[in-house]
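Take the sequence shown: its position 79, counting from 1, is numbered 79 in full-length UniProt numbering, and each next residue is one higher. All C-beta atoms in this analysis are idealised placements derived from N, C-alpha and C, irrespective of residue type, glycine included. Contents: one structure, followed by commentary.
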Amino acid sequence: MSTHMDKAHQNGGAERILSKFADDTKLGGVADTPEGCAAIQRDLNRLEKWADGNLMKFNKEKSKALHLGRNNPRHQYMLGANQLERTWSSWTPS
């Protein structure tokens, strides 16, 4: 498994984690502000550009945005020209 982490002091935003295992890619991060949502969208755009440059494709029909927490803004994310399906949970860590 390969994991890449962007830290807040490096990118001026919330910490985000990208993990890849076989054909499964996950991008996660805190998006409780407009800046946090924009940072995750930028990362999605970079992933799409990287995939295109390496002649790979994401299965956009299976891609989803999971929103956690009661006060989550539930931002609408895009992967390329496709809106990601949104799912959510009110679970919050103790």
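Item, Value
"Beta-carbon gap between GLY29 and GLU15 smaller than 8 Å", "yes"
"Proximity below 8 Å, CB of ILE40 to CB of ALA51", "no"
"Among ASN72, TRP88, SER89, LEU79, nearest to PRO34 - alpha-carbon criterion", "ASN72"
"Proximity to SER63 [Cα-Cα], best of TYR77, ALA38, ARG42", "TYR77"
"Assigned secondary structure, GLU35 (DSSP; H/G/I helix, E/B strand, else coil)", "helix"
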